[in-house]
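Colleague: Structure in structure tokens, see below.
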Amino acid sequence: MVGGGFSRGAGRAAVALLVAGAVTACGGVGSGGGGGGGATGSALTTMGFGLPDEIASVRVDRFKKAHPEIRLTVNQGQFDEQAFLSAVAAGDPPDVVYMPRERLGGYAARGAVQPLEGCVSTEGIATGDFYPAARQQVTYDGKWYGVPEFYNSIVLVVNDKAAKDADVDPKSIDTSDWDKLAALAEKMNKVSGGKVERYGFNPKLPEFLPLWAKANGADILSQDGRTAHLDDPEVAEALGYAAGLIDAQGGWSRLKAFTDTFDYFGAENPFVKDQIGMMLTEQFLVSAMAGTTPDVKITVLPFKDRQGRPVNMIGGNAWVIPAGAKNPAAACKWIKMMTEADAWIAAARARQDKRAAEGKVNIGTYTGNARADQVIFTQIVKPSGHAAFDDAVATIRSVQDAGFVVPQSGAAAEFTRVWQDAATRVLQKSQKPGDTLRQAQGEAQRALDDAGN
Amino acid sequence: MTTAEDTRRGAGHRPGRDPAPAGRRAWRGETRWAYVFLLPWLIGLLVFQLGPMVASLVLSFTSYDLIGGARFEGLGNYRRMLEDPKVARAVGNTVLYTVLHVPLAAVLALGLALLLNRVTGRAAGAFRTIFYLPSMTPYVAVGVLFLFLLNGQAGVINSFLALFGVSGPQWTTDPDWILAGIVLMSLWNLGSTTVILFAALRNVPRELTEAALIDGAGPWQRFRSVTLPMISSAVFFVVIVNTIAALQMFDQVYTMFFGSQSAQQTSGDAALFYVVYLFQQAFQYLHMGYASALAWVLFLVIAVITLIQVRVGRRFVYYEAEEHPG
Amino acid sequence: MTTLDRPRGPAEATRPADGVGRGTRRVLFLTLLAAASVIFLYPFVWLVVASLKPRDRTFADPFLPWPAPFAPGNYAAVWDAAPVLTWLVNSVVVGVAAALAVTLSSAFVAFGFAYFRFPGRGVLFGSVLATMMLPAAVTLVPTYLIWNSAGLTGTQVPLWAGNLFGSAFYIFLLRQFLLGLPRYVFEAARVDGATYLDLFWRIALPLARPALIIAFIFELKASWFDLMKPLIYLRDPALFTLPRGLKAIVDQFYQGGDPKWEIVLAAAVITTLPLILVFFLGQRHFVQGIATTGRRG
Numbered sequence: 000m001v002g003g004g005f006s007r008g009a010g011r012a013a014v015a016l017l018v019a020g021a022v023t024a025c026g027g028v029g030s031g032g033g034g035g036g037g038a039t040g041s042a043l044t045t046m047g048f049g050l051p052d053e054i055a056s057v058r059v060d061r062f063k064k065a066h067p068e069i070r071l072t073v074n075q076g077q078f079d080e081q082a083f084l085s086a087v088a089a090g091d092p093p094d095v096v097y098m099p100r101e102r103l104g105g106y107a108a109r110g111a112v113q114p115l116e117g118c119v120s121t122e123g124i125a126t127g128d129f130y131p132a133a134r135q136q137v138t139y140d141g142k143w144y145g146v147p148e149f150y151n152s153i154v155l156v157v158n159d160k161a162a163k164d165a166d167v168d169p170k171s172i173d174t175s176d177w178d179k180l181a182a183l184a185e186k187m188n189k190v191s192g193g194k195v196e197r198y199g200f201n202p203k204l205p206e207f208l209p210l211w212a213k214a215n216g217a218d219i220l221s222q223d224g225r226t227a228h229l230d231d232p233e234v235a236e237a238l239g240y241a242a243g244l245i246d247a248q249g250g251w252s253r254l255k256a257f258t259d260t261f262d263y264f265g266a267e268n269p270f271v272k273d274q275i276g277m278m279l280t281e282q283f284l285v286s287a288m289a290g291t292t293p294d295v296k297i298t299v300l301p302f303k304d305r306q307g308r309p310v311n312m313i314g315g316n317a318w319v320i321p322a323g324a325k326n327p328a329a330a331c332k333w334i335k336m337m338t339e340a341d342a343w344i345a346a347a348r349a350r351q352d353k354r355a356a357e358g359k360v361n362i363g364t365y366t367g368n369a370r371a372d373q374v375i376f377t378q379i380v381k382p383s384g385h386a387a388f389d390d391a392v393a394t395i396r397s398v399q400d401a402g403f404v405v406p407q408s409g410a411a412a413e414f415t416r417v418w419q420d421a422a423t424r425v426l427q428k429s430q431k432p433g434d435t436l437r438q439a440q441g442e443a444q445r446a447l448d449d450a451g452n
Numbered sequence: 000m001t002t003a004e005d006t007r008r009g010a011g012h013r014p015g016r017d018p019a020p021a022g023r024r025a026w027r028g029e030t031r032w033a034y035v036f037l038l039p040w041l042i043g044l045l046v047f048q049l050g051p052m053v054a055s056l057v058l059s060f061t062s063y064d065l066i067g068g069a070r071f072e073g074l075g076n077y078r079r080m081l082e083d084p085k086v087a088r089a090v091g092n093t094v095l096y097t098v099l100h101v102p103l104a105a106v107l108a109l110g111l112a113l114l115l116n117r118v119t120g121r122a123a124g125a126f127r128t129i130f131y132l133p134s135m136t137p138y139v140a141v142g143v144l145f146l147f148l149l150n151g152q153a154g155v156i157n158s159f160l161a162l163f164g165v166s167g168p169q170w171t172t173d174p175d176w177i178l179a180g181i182v183l184m185s186l187w188n189l190g191s192t193t194v195i196l197f198a199a200l201r202n203v204p205r206e207l208t209e210a211a212l213i214d215g216a217g218p219w220q221r222f223r224s225v226t227l228p229m230i231s232s233a234v235f236f237v238v239i240v241n242t243i244a245a246l247q248m249f250d251q252v253y254t255m256f257f258g259s260q261s262a263q264q265t266s267g268d269a270a271l272f273y274v275v276y277l278f279q280q281a282f283q284y285l286h287m288g289y290a291s292a293l294a295w296v297l298f299l300v301i302a303v304i305t306l307i308q309v310r311v312g313r314r315f316v317y318y319e320a321e322e323h324p325g
Numbered sequence: 000m001t002t003l004d005r006p007r008g009p010a011e012a013t014r015p016a017d018g019v020g021r022g023t024r025r026v027l028f029l030t031l032l033a034a035a036s037v038i039f040l041y042p043f044v045w046l047v048v049a050s051l052k053p054r055d056r057t058f059a060d061p062f063l064p065w066p067a068p069f070a071p072g073n074y075a076a077v078w079d080a081a082p083v084l085t086w087l088v089n090s091v092v093v094g095v096a097a098a099l100a101v102t103l104s105s106a107f108v109a110f111g112f113a114y115f116r117f118p119g120r121g122v123l124f125g126s127v128l129a130t131m132m133l134p135a136a137v138t139l140v141p142t143y144l145i146w147n148s149a150g151l152t153g154t155q156v157p158l159w160a161g162n163l164f165g166s167a168f169y170i171f172l173l174r175q176f177l178l179g180l181p182r183y184v185f186e187a188a189r190v191d192g193a194t195y196l197d198l199f200w201r202i203a204l205p206l207a208r209p210a211l212i213i214a215f216i217f218e219l220k221a222s223w224f225d226l227m228k229p230l231i232y233l234r235d236p237a238l239f240t241l242p243r244g245l246k247a248i249v250d251q252f253y254q255g256g257d258p259k260w261e262i263v264l265a266a267a268v269i270t271t272l273p274l275i276l277v278f279f280l281g282q283r284h285f286v287q288g289i290a291t292t293g294r295r296g
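Protein chains in written order, with numbering that gives the first Met the number 0: chain A, 0 to 452; chain B, 0 to 325; chain C, 0 to 296.
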């Protein structure tokens, strides 16, 4: 501690010019500098994208085959905002970046990512193939700034055993009656001696606050992305209700510590281990369970608003080209080949074959490309004989059209941060929903106004 | 700062080390050579410390996001700091952590050092190694490890408490307990402090304690009036160094509670430390001007605290004659 | 919070065994020693054991000091999930470069302060010590801007090149050591016609070896620990050092909604182990060095 503190405190910096001289003066110190190497016209570097499975690798292989002249470097790892911005600021960005769609507006407003109008027309990207909600999320100020990949829908996944313990037929669960839902959550919940044994119903706050607001009939941001509606009483009511669910089941800190121990994608997932009653989740959790634990007893249902209509908040990543990218032409080719219908169909087929060979269930690949999905769900995905998952496919498909997104804005990241912080404050009991949202409204509107000019 | 003065004084007193008086010409040649040897450090000082500090001060009056240009803001950043609730929270957390960590670390490390001092023979080295090992664990790994150990539902620490029927707090998620968890984690890393205090204890002349014993001093009295004064300079040193380090806490906390969006949601602002906020402003939001203002305030605070500590220290610290290491 | 109960105990334990209760005191002393040892060692044991268990057993049996069931495959899974070997090499390269740079340059400057008498020496050496108190955070932003304008962000250069200009702490340490060397050795060489550079290179450096080793090991450790500079300067995962890589692994496999704790834990072990080995090899120097830092008051 002592030594580290000191040595870090001193000798912090140098100027490049002096470095060169000093290296020789001091007898040559081995350099660890890995520098990018000259980017030639045929090199393509990606950021934020990994190759975890066949859905990724099939499409990448397809690109390599079609464009052997492009030297591809996939820098694996999740999107990291700080690394991305610092690369753009340094004028040395990657050529193409894979990032969460909801952040895109802020980067577009700041000039950190390029508009793709030219790319779309040159490569002939079939923009009409994408789902409207995905399309809305990648356009800012009327221009395309990204091309969508997956189309993640939110569904309610019920643990059949928990439902049975609560004397409820899982298929009959309906989230439109909030009083009944709260009662059911408490019935499913099991806490003993400060230790949570089963989390009755996880409403997924703070992440899903916009969904809860929507279910209560409110939007947190105006359609043009300029006016925050966080102080809308219906938003406060929704936040108060969902946070109240958490309080009634043992409180946020305890439940969060408990979900931190969930092995969501493993064989011992919380549904198998009976650690959860029901939860709101993106469909990819269902997809993972189909691959790891096909015999799990679950029921997948649509999340319904208080009028009884399904509501579904859409998420997913997009491909963008940062400002100052050295090879935007190759990046555009990449984007087209990663997101076109044929690419998705090939990838979805590979997954179906793989799961079939392993004797596992496949619930299909939910892409941002509606034309691809059409083929995937009529020709590739076959009934598996596992009723839970076959029903899940139907449910997920049925809620896709009900999908909405928080409108894109020039302060997208700040706006998200503001409402998430606000929701967290309520969960941590440091503020009441109304107060926290009023404060958040002020912060959010300031950020939106600043980004607007 | 004053430490400089003391050392200088020590160096000056050393007999027979000064070069023999030489002719003026030779002396001038020596001076030139002396500065040749000092050159790397002088360059470093001007270009990488004083220069950046001035630059940092200038930047603190601007708004600069690296992608666009800089805009003069006057005192705007400093005014904003006063109104920013996150700054208030970060300052509060950092100060509370420092106030808890520094005394606890000093007392516990002193306890460990006293324990070590009683161990005889080679075993002392072995136990010293055991106490020091946590300090060889990179902070990121420490943060990772304690995310698991501190988990309120399944972590080792609460499992241990449960053995005694105590239902432990949610160290990693409950905003009222997150800071306590961080302090707990920090107390696992006492290695350097312990080793310094142990070395100081070893240097306490045996005759002194024995003389006190003969005078009929009880154990507490012996500790209070012989041992403690003899090691006071070491205690003072670890307090200063640990204070400076605590005020700049970053690695462990950032690993556990920041960096990815979902991590940030968990803690809210309960784990927001000053340097973490400075880092976020500078490199996550690219608010270089605001971050510079934050940095300058930190610098002034640390300078003032160090001066006060040195002042106070001077009144209580017993300086033994300096000896040469090695 | 068992650790918090300890401070009172040790003071009592230091009472020499005069009078009654000699046996009780001895028992108390041994108990405290054992308890402290367990507290400091157990987290390591847990870490290693948990990294060798399958994911669904990570939190199970918290007090079982061996992995059951045994799952060494986790370490293979780490290599597949992330380029950990590359990170290890990067950490070694950056660490050695940083340590070598700071050791040699600090020794160079320290020799200037130790050997020569010249006007301004007191003030300059005072400023060396003063910069030790300079919080790194103050120069964070401008330093970044310097490297950015030099086009060196995104490379490993900023992680070590600043060390070429010496570091206050090591200059202090090495100067103290050099002052302890007998001056006649240098004077004799001067008489034989050696230049000042010869004095530094041929005499001071070899004689100062013990202190140089301390500086080298300290800086190696500091560099191995460093998270902030790699966070700021590195973007390409292929250039990451181990702490930066481990942070990326935590973000993805602990916080990122894709929990794979066995990978996080195994990576944490891989990040820690090399330094523990270095410690055992250079333990003597370490302890000596740390003890020295406290001896100046």
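The beta carbon of each residue, even a glycine, is placed where N, CA and C say it ideally should be.
Bear in mind that the values here come from a model prediction, so they are computed numbers and not experimental data.
1. Quick check: the Cα distance between C/Met146 and A/Phe149, rounded to an integer number of angstroms?
2. Between which two residues does the alpha helix (DSSP H) holding C/Arg120 run?
3. B/Arg205: buried (16+ other C-beta within 10 angstroms of its C-beta) or exposed?
4. Using Cβ-Cβ distances below 9 Å, what residues of the region 214-226 of chain C are close to chain B?
5. Using CA coordinates, which residue listed in B/Leu271, B/Val238 and B/Ala233 is at the minimum distance from B/Asp250?
6. Which chain C residues sit within Cβ distance under 7 Å of B/Val274?
7. Please tell me whether A/Val425 and A/Glu442 are closer than 8 Å, where the distance is taken between their beta carbons.
8. Buried or exposed, going by whether 16 or more other CB atoms sit within 10 Å of the CB of B/Ser134?
9. Are the Cβ atoms of A/Asn316 and A/Pro99 separated by less than 8 Å?
10. Does any CB atom of chain C fall closer than 8 Å to the CB of A/Tyr106?
11. So, using beta-carbon positions, are A/Gln407 and A/Gln81 closer together than 8 Å?
12. Straight-line CA distance for B/Gln308 to B/Ala245?
13. Please give the ranges of any alpha helix (DSSP H) in the region 261-302 of chain A, keeping only runs that are unbroken, at least 4 residues long and fully inside the region.
14. Tell me the rounded alpha-carbon separation between B/Val238 and B/Ala290.
15. How is the alpha helix (DSSP H) around C/Val48 delimited, first residue to last?
16. From this set, C/Val92, C/Ala81, C/Pro42 and C/Gln282, which residue's C-alpha is nearest B/Val194's C-alpha?
17. Enumerate, from N- to C-terminal direction, the unbroken alpha helix (DSSP H) stretches of 4 or more residues contained entirely within the region 230-296 of chain C.
18. With a threshold of 7 Å on Cβ separation, who are the neighbours of A/Leu436 within its own chain once the five nearest residues in sequence on each side are excluded?
19. Please report how far the alpha carbon of A/Gln438 lies from the alpha carbon of B/Arg127, in whole angstroms.
20. Would the beta-carbon of A/Arg253 be found less than 7 Å away from any heavy atom of the ligand GTP?
21. Below 8 Å on the Cβ atoms is my contact criterion, and I expect A/Leu115 with A/Ile320 to pass it. Report the Cβ-Cβ distance as a whole number of Å.
22. For A/Pro321, which beta-bridge partners are listed by DSSP?
23. Spatial neighbours of A/Ser397 within its chain, please: C-beta separation below 6 Å, excluding the five flanking residues on both sides.
24. Give the single residue among A/Val285, A/Gly367, A/Val310 and A/Asp434 whose Cα lies nearest to the Cα of A/Asp390.
25. Taking the C-alpha atoms as reference points, what is the distance between A/Val195 and C/Phe279?
26. Chain A beta carbons: is any one of them nearer than 8 Å to that of B/Ala3?
27. Check each candidate in B/Gly142, B/Val94, B/Ala112 and B/Phe235 and name the one with the smallest Cα separation from C/Pro42.
28. Under a three-way DSSP split, which group does A/Pro99 fall into?
29. Could you tell me which residues DSSP pairs with A/Ala227 in its beta bridges?
30. Can the beta-carbon of C/Ala106 be found closer than 8 Å to that of C/Leu178?
31. If we count the other Cβ atoms within 10 Å of its Cβ and call it buried at 16 or more, is A/Ala182 buried or exposed?
Modeller: Short version:
1. Position 147 of the third sequence, counting from 1, holds the residue named residue 146 of chain C. Position 150 of the first sequence, counting from 1, holds the residue named residue 149 of chain A. Looking at the sequence itself, residue 146 of chain C is Trp, so the reference to Met does not match. Going by C-alpha positions, C/Trp146 is about 38 Å away from A/Phe149.
2. Residue 120 of chain C sits at position 121 when you count from the first residue of the third sequence. Counting along the chain, the alpha helix (DSSP H) containing C/Arg120 begins and ends at Arg120 to Met131.
3. Residue 205 of chain B sits at position 206 when you count from the first residue of the second sequence. By the neighbour-count definition (other C-beta atoms within 10 Å, threshold 16), B/Arg205 is an exposed residue.
4. Going along the region 214-226 of chain C in chain order, one finds Lys220, Trp223, Phe224, Asp225 and Leu226 with a Cβ nearer than 9 Å to chain B.
5. Working through the second sequence from its first residue, we reach residue 250 of chain B at position 251. Closest in C-alpha terms to B/Asp250, from the list B/Leu271, B/Val238 and B/Ala233, comes B/Leu271.
6. Counting from one through the second sequence, the residue named residue 274 of chain B turns up at place 275. The contact set of B/Val274 on chain C, defined by CB atoms closer than 7 Å, consists of Ala136 in chain order.
7. For the purposes of this step, residue 425 of chain A is taken as residue 426 along the first sequence, with counting starting at 1. For the purposes of this step, residue 442 of chain A is taken as residue 443 along the first sequence, with counting starting at 1. Not in contact: A/Val425 and A/Glu442 (Cβ atoms no closer than 8 Å).
8. The sequence position of residue 134 of chain B within the second sequence is 135, counting from 1. Burial state of B/Ser134 is buried, judged by a 10 Å Cβ sphere holding 16 or more other Cβ atoms.
9. As a working note, residue 316 of chain A is residue 317 in the first sequence. As a working note, residue 99 of chain A is residue 100 in the first sequence. Cβ atoms of A/Asn316 and A/Pro99: closer than 8 Å.
10. Indexing the first sequence from 1 puts residue 106 of chain A at position 107. Using a Cβ-Cβ cut-off of 8 Å, A/Tyr106 does not count as an interface residue toward chain C, since no Cβ of chain C sits closer than that to its own.
11. Within the first sequence, numbered from 1, the residue matching residue 407 of chain A stands at position 408. Within the first sequence, numbered from 1, the residue matching residue 81 of chain A stands at position 82. For the 8 Å CB-CB criterion, A/Gln407 and A/Gln81 do not form a contact.
12. Numbered from its first residue, the second sequence carries residue 308 of chain B at position 309. Numbered from its first residue, the second sequence carries residue 245 of chain B at position 246. Each residue's Cα considered, the two are about 15 Å apart.
13. Correct list: 282-291.
14. By 1-based counting over the second sequence, the position of residue 238 of chain B is 239. By 1-based counting over the second sequence, the position of residue 290 of chain B is 291. C-alpha of B/Val238 to C-alpha of B/Ala290: approximately 27 Å in a straight line.
15. As a position in the third sequence, residue 48 of chain C is number 49, starting the count at 1. The continuous alpha helix (DSSP H) containing C/Val48 extends over residues Arg21 to Ser50.
16. Counting from one through the second sequence, the residue named residue 194 of chain B turns up at place 195. Comparing Cα positions, the closest option is C/Gln282.
17. Counting only runs of 4+ residues, the alpha helix (DSSP H) found wholly inside the region 230-296 of chain C occupies 241-252, 260-280 and 282-292, in chain order.
18. Within the first sequence, numbered from 1, the residue matching residue 436 of chain A stands at position 437. Counting only Cβ-Cβ distances below 7 Å, and skipping sequence neighbours, we find Leu229, Asp230, Val234, Ala235, Leu238 and Ala421.
19. Here residue 438 of chain A refers to the residue found at position 439 of the first sequence. Here residue 127 of chain B refers to the residue found at position 128 of the second sequence. The straight-line gap from Cα to Cα measures roughly 52 Å.
20. Within the structure as shown, the ligand GTP is missing, as the structure has no ligands at all.
21. The residue given as residue 115 of chain A occupies position 116 in the first sequence. The residue given as residue 320 of chain A occupies position 321 in the first sequence. That pair is a contact at about 7 Å.
22. Here residue 321 of chain A refers to the residue found at position 322 of the first sequence. A/Pro321 is bridged to A/Val112.
23. Here residue 397 of chain A refers to the residue found at position 398 when the first sequence is read from its first residue. Answer for A/Ser397: no residue qualifies.
24. Here the question's residue 390 of chain A lines up with position 391 in the first sequence. Among A/Val285, A/Gly367, A/Val310 and A/Asp434, the Cα nearest to that of A/Asp390 belongs to A/Val285.
25. Against the first sequence, residue 195 of chain A aligns to sequence position 196. Against the third sequence, residue 279 of chain C aligns to sequence position 280. When only Cα atoms are considered, A/Val195 and C/Phe279 end up about 43 Å apart.
26. For this step, residue 3 of chain B is matched to residue 4 along the second sequence. Because the pLDDT of B/Ala3 is 37, which lies under 50, any placement of that residue in the model is unreliable, and the number read from its coordinates should be weighed accordingly. Closer than 8 Å: no.
27. Looking up residue 42 of chain C in the third sequence gives position 43. Looking at the Cα atoms, B/Gly142 is the closest of the given residues.
28. Locating residue 99 of chain A in the first sequence gives position 100, counting from the first residue. DSSP places A/Pro99 in strand when its eight states are reduced to three.
29. Looking up residue 227 of chain A in the first sequence gives position 228. The partner list for A/Ala227 (beta bridge, DSSP) reads A/Leu220.
30. Counted from its first residue, the third sequence places residue 106 of chain C at position 107. Counted from its first residue, the third sequence places residue 178 of chain C at position 179. Contact flag unset, no.
31. Position 183 of the first sequence holds residue 182 of chain A. A/Ala182 comes out exposed.
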